[in-house]
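K.L.:
For the sequence shown, numbering that gives the first Met the number 0 gives the first residue as 0, with consecutive numbering after it.
Backbone N, C-alpha and C fix where the C-beta goes; we use that ideal spot for every residue, glycine too.
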Amino acid sequence: MNRRQFVASSSALAIGSLARSSWSRDSPAGAQGSSTSSGQHRVIIDTDPGYDDALALLFAMSSPELKIEAITAVSGNLPIEITLANSLRMVEIAGRTDIPVAGGPKTPLVRQGIFAPEGHGDNGLAGAEFPPPKVKPVDMPAAELIRSVVRKYPGEVTLLPIGPHTNIATALLADPALAGMIRGICMMGGSLSGGNITPAAEFNIYVDPEAARIVFHSGIPITMVGLDVTNRVVLTEEHVRTLEAGHTPVSQGAGKIARAVLEYWRKQGFVSKPILFDEVAVAEFLDPKLLTLEDYYIDVETSGDITAGETVGYSPIHGEDQRWLNPEAPRTGSRDPAYYRPPDIRGSAPSIYRPGSSSFFTKTYKPNAKVAVDVDVERFFRLFIGRLSGKQVAIEV
Ligand code: BDR
Ligand code: CA
Numbered sequence: 000m001n002r003r004q005f006v007a008s009s010s011a012l013a014i015g016s017l018a019r020s021s022w023s024r025d026s027p028a029g030a031q032g033s034s035t036s037s038g039q040h041r042v043i044i045d046t047d048p049g050y051d052d053a054l055a056l057l058f059a060m061s062s063p064e065l066k067i068e069a070i071t072a073v074s075g076n077l078p079i080e081i082t083l084a085n086s087l088r089m090v091e092i093a094g095r096t097d098i099p100v101a102g103g104p105k106t107p108l109v110r111q112g113i114f115a116p117e118g119h120g121d122n123g124l125a126g127a128e129f130p131p132p133k134v135k136p137v138d139m140p141a142a143e144l145i146r147s148v149v150r151k152y153p154g155e156v157t158l159l160p161i162g163p164h165t166n167i168a169t170a171l172l173a174d175p176a177l178a179g180m181i182r183g184i185c186m187m188g189g190s191l192s193g194g195n196i197t198p199a200a201e202f203n204i205y206v207d208p209e210a211a212r213i214v215f216h217s218g219i220p221i222t223m224v225g226l227d228v229t230n231r232v233v234l235t236e237e238h239v240r241t242l243e244a245g246h247t248p249v250s251q252g253a254g255k256i257a258r259a260v261l262e263y264w265r266k267q268g269f270v271s272k273p274i275l276f277d278e279v280a281v282a283e284f285l286d287p288k289l290l291t292l293e294d295y296y297i298d299v300e301t302s303g304d305i306t307a308g309e310t311v312g313y314s315p316i317h318g319e320d321q322r323w324l325n326p327e328a329p330r331t332g333s334r335d336p337a338y339y340r341p342p343d344i345r346g347s348a349p350s351i352y353r354p355g356s357s358s359f360f361t362k363t364y365k366p367n368a369k370v371a372v373d374v375d376v377e378r379f380f381r382l383f384i385g386r387l388s389g390k391q392v393a394i395e396v
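1. Taking the C-alpha atoms as reference points, what is the distance between Trp-22 and Pro-63?
2. Looking at the unbroken beta strand (DSSP E) that takes in Pro-160, where does it start and where does it end?
3. What are the boundary residues of the alpha helix (DSSP H) that includes Val-299?
4. By a C-beta neighbour count over all protein chains shown, 10 Å radius and 16 as the cutoff for buried, is Thr-363 buried or exposed?
5. At a cut-off of 6 Å, would you count Glu-201 as near ligand 3, judging by its Cβ distance to the nearest heavy atom?
6. Grouping DSSP H, G and I as helix and E and B as strand, with all else coil, what is Leu-234?
7. Please confirm whether Ala-259 and Gly-126 have their CB atoms less than 7 Å apart.
8. Is the Cβ-Cβ distance between Ser-86 and Arg-386 less than 7 Å?
9. Is Phe-360 near ligand 1, judged by its Cβ being under 6 Å from some heavy atom?
10. With a threshold of 16 other CB atoms inside 10 Å of the CB of Leu-77, please say whether the residue is buried or exposed.
11. Is Gly-308 near Ile-92, with beta carbons less than 7 Å apart?
12. Locate the beta strand (DSSP E) running through Thr-46, then write down its first and last residues.
13. What's the C-alpha gap between Pro-132 and Arg-88?
14. For Ala-199 and Lys-255, what's the separation of their Cα atoms in angstroms?
15. Quick one: grab the DSSP three-state call for Val-392.
16. Whole angstroms is fine: what's the gap from Arg-41's alpha carbon to Arg-146's?
17. Alpha carbon to alpha carbon, how far is Phe-58 from Lys-365?
18. Can the beta-carbon of Gly-389 be found less than 7 Å from the beta-carbon of Ser-302?
19. Going along the chain, which unbroken runs of the beta strand (DSSP E) with 3 or more residues stay wholly within the segment 207-295?
20. Would Met-139 and Ala-101 be called neighbours here (beta carbons separated by less than 7 Å)?
21. Do Gly-188 and Ile-204 count as a contact pair if the criterion is CB distance below 7 Å?
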């Protein structure tokens with residue numbers, strides 16, 4: 000399949016995806032009830048370590064609620080050779096070499112790779128050094144590992160993507176029935192309030208917007224944990240000292256990475272202290288009370304020369320296109336569809352030079368994601384630092 004066919008087939012996937020019943024408003028996608036007899040949630044973490052991915056992996060592997068069926072590395076913050084090696088390093092530090100790890104392709108679906116050493120250092124761990132990993136990746140591509148795990152446990156597996164969506168989209172394209180077998184997706188990615196790599200786009204979506212579009216069109220219940228909340232979650236000297244004071248390999252490893260990135264961001268001249276992006280998505284899946292979620296229809300800009308990767312969100316309660324069906328009827332304040340017309344979803348206006356070539360369309364509003372709009376930062380750090388520093392911290396009720 001060439002690249003043109005690859006993208007064309009993604010529209011077919013979007014049309015052919017299974018319709019889903021809506022999921023509970025209060026829980027992140029895939030987190031209602033456990034999916035194993037031991038009460039754990041089966042998850043696959045798709046990741047591009049990256050300092051924050053590395054800490055997120057250690058956090059997830061220190062959380063007994065999770066049954067991590069696989070870790071799949073994707074090209075993103077650094078090239079795949081580095082993100083794969085760092086994924087393997089993290090399973091070694093956590094003593095979890097039982098978890099299969101696989102690597103994805105060198106490039107996004109149709110674009111050249113873009114990397115972020117300015118935030119993560121050339122080794123992805125802000126210069127923190129660990130020995131080369133001894134454990135080997137499994138002998139199959141990441142997308143194949145995702146497919147095989149999901150097919151082994153249909154309806155039970157939640158995907159936790161904390162990098163670009165290349166591996167997940169590749170799996171969905173290869174296996175159109177797969178979307179209907181995935182319990183949910185809880186991602187770090189996107190933003191409703193501007194980007195961090197361009198004014199429009201958040202890094203994970205920017206790197207592979209075509210893949211992200213396939214994911215948002217898949218019909219899989221999605222929780223989007225974007226910059227709107229993650230930008231408020233920053234690492235401090237006090238957090239680092241607590242990690243360094245822990246006696247477990249995880250606490251020591253996390254402390255070493257955290258210390259390195261604190262220093263690296265200072266030397267790089269960043270105004271902010273290091274942001275813990277990916278950890279918030281993992282924490283959200285563990286603790287449904289951490290974030291405030293709102294329904295949105297999210298689509299991804301793929302054609303803009305300066306906006307590719309923007310996540311555009313339509314809300315039934317925000318924005319100007321909010322209407323009552325009968326303007327003369329008494330206003331109840333209710334968003335009951337009997338009285339209230341949700342916004343139309345529309346694309347850009349068609350070109351006068353190439354009629355029919357535009358993505359212009361309108362369709363009825365139907366949310367495809369729950370988007371995080373607020374975060375309890377202290378609650379997050381109690382769980383995150385507690386787990387990494389080796390304390391038996393339970394989820395607060
Ligand atoms: C995301 O991009 C990466 O740099 C981080 O690991 C995170 O997943 C934040 O935009
Ligand atoms: Ca990441």
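P.N.:
If we stick to the structure as given:
1. The pLDDT assigned to Trp-22 is 43, lower than 50, so where the model puts this residue is not dependable; a value taken from the coordinates is nonetheless given after this. Approximately 24 Å, taken between the alpha carbons.
2. 156-160
3. No alpha helix (DSSP H) contains Val-299, which is instead part of the beta strand (DSSP E) from 290-299.
4. exposed
5. Among the ligands in the structure shown, ligand 3 does not appear; only ligand 1 and ligand 2 can be found there.
6. coil
7. yes
8. no
9. no
10. buried
11. no
12. 40-46
13. 5 Å
14. 33 Å
15. coil
16. 14 Å
17. 34 Å
18. no
19. 221-224
20. yes
21. yes
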